[in-house]
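J.: Right, I'll just put the structure down here and ask away after.
Numbering (the numbering used here), first residue to last: 2 to 251.
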């Protein structure tokens, strides 16, 4: 989801359609084919000014909005997007672009929580998302960390975010990045919702151990009324009622 001058495009994993497991606190229905799919988007400064009333009127139900990156960057459009989406009736959540090679997971989780990524039980605020993808800067695809080092970094972030907000953060990733950079770690999926990035007609193979996806980013070239140019499009793997339940920690 990071956009630089050359616009990073995430690697897309191929594979078979996943079969979902029984619903847990992550809340999904029996499987992608049987589930109600609730439409959403994710946005950042890259999209410029957004008319959120038009976005909501076009049928968009939720949005993840870039808040922070690393330990020093706050998206300049975040405050406007976060407030205006809420006022338009869009269920919204913040997201943090992880940079595991510049500071600890705890430091970045605290930065997110202190700069818009906190949570409140108001039926329109989702737990924040941790954006984990290939490094667009110097330092290697997996940020120069071993698989053990990456697991420790991610766990540090997740633990700290939960301590600050009481919520389990959403994890955004591709299957290929996750399996390569964490060594096919299965630990987080018991509690943390998966936001899968795969730009294709089906979700394909999920990261190791994930029983189902909760969110699926299926294209980076979507069009939505109220937004100029391309925007990432997503589905929630359930209906709006279940999305509100996730927002309210139900």
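Using N, Cα and C, we set each Cβ at its ideal position, and we do this for glycine too.
Sort 227, 193, 226, 224 by Cα distance to residue 211 and report the nearest one.
T.: Numbered from 1 along the chain shown, position 210 holds the residue referred to as residue 211. Residue 211 has its Cα closest to that of 193, out of 227, 193, 226, 224.
J.: Between the alpha carbons of residue 247 and residue 120, how many angstroms are there, rounded?
T.: Sequence index remark: in the chain shown, residue 247 carries index 246 (1-based). Sequence index remark: in the chain shown, residue 120 carries index 119 (1-based). Their backbone Cα atoms lie some 12 Å apart in a straight line.
J.: Check residue 159 in the structure and name its three-state DSSP category.
T.: For the purposes of this step, residue 159 is taken as residue 158 along the chain shown, with counting starting at 1. Three-state result, residue 159: helix.
J.: So, under 8 Å CB-CB, residue 127 and residue 92 are touching, yes? Tell me the CB distance rounded to an integer number of Å.
T.: Indexing the chain shown from 1 puts residue 127 at position 126. Indexing the chain shown from 1 puts residue 92 at position 91. Their Cβ separation, rounded to whole angstroms, is 6 Å, which keeps residue 127 and residue 92 in contact under 8 Å.
J.: What does the alpha-carbon distance come out to for the pair residue 22 and residue 179?
T.: Along the chain shown, one-based indexing puts residue 22 at 21. Along the chain shown, one-based indexing puts residue 179 at 178. Residue placement at residue 22 is poorly supported in this model, since its pLDDT is 31, which falls under 50; the coordinates still yield a value, given next. Going by the C-alpha atoms only, they are around 20 Å apart.
J.: Find the nearest neighbour of residue 196 within the set 214, 143, 163, 102, judged by alpha-carbon distance.
T.: By one-based count along the chain shown, residue 196 stands at place 195. Among 214, 143, 163, 102, the Cα nearest to that of residue 196 belongs to 214.
J.: The alpha helix (DSSP H) that contains residue 109, what's its start and end?
T.: Start at 1 with the first residue of the chain shown, and residue 109 comes out as number 108. Here the alpha helix (DSSP H) through residue 109 covers 106-115.
J.: Can you give me the C-alpha to C-alpha distance between residue 245 and residue 201, rounded to a whole angstrom?
T.: What you label residue 245 is simply residue 244 of the chain shown in a count that begins at 1. What you label residue 201 is simply residue 200 of the chain shown in a count that begins at 1. So the two alpha carbons sit approximately 27 Å from each other.
J.: Contact between the segment 138-146 and the segment 159-176: three or more CB pairs below 8 Å?
T.: no
J.: Span of the beta strand (DSSP E) holding residue 238?
T.: Against the chain shown, residue 238 aligns to sequence position 237. That run of the beta strand (DSSP E) goes 232-238.
J.: Just list the beta strand (DSSP E) runs in the segment 41-98, keeping only unbroken ones of 3 residues or longer that don't cross its boundaries, in chain order.
T.: For the beta strand (DSSP E) assignment, the uninterrupted runs of no fewer than 3 residues enclosed by the segment 41-98 are, from N- to C-terminal side, 63-70, 92-98.
J.: Report yes or no: do three or more beta-carbon pairs, one from the segment 95-107 and one from the segment 131-140, lie closer than 8 Å?
T.: yes
J.: Smallest Cα separation from residue 313: which of 243, 101, 227, 63?
T.: No statement about residue 313 is possible, as the shown extent of the chain runs from 2 to 251 and does not include it.
J.: Would residue 118 be called buried (16 or more neighbouring beta carbons within 10 Å of its own) or exposed?
T.: In the chain shown, residue 118 corresponds to position 117, counting from 1. Label assigned to residue 118: buried.
J.: Just reading off the alpha helix (DSSP H) that residue 244 is part of, what are its end residues?
T.: Locating residue 244 in the chain shown gives position 243, counting from the first residue. Run containing residue 244: 241-248, per the alpha helix (DSSP H) assignment.
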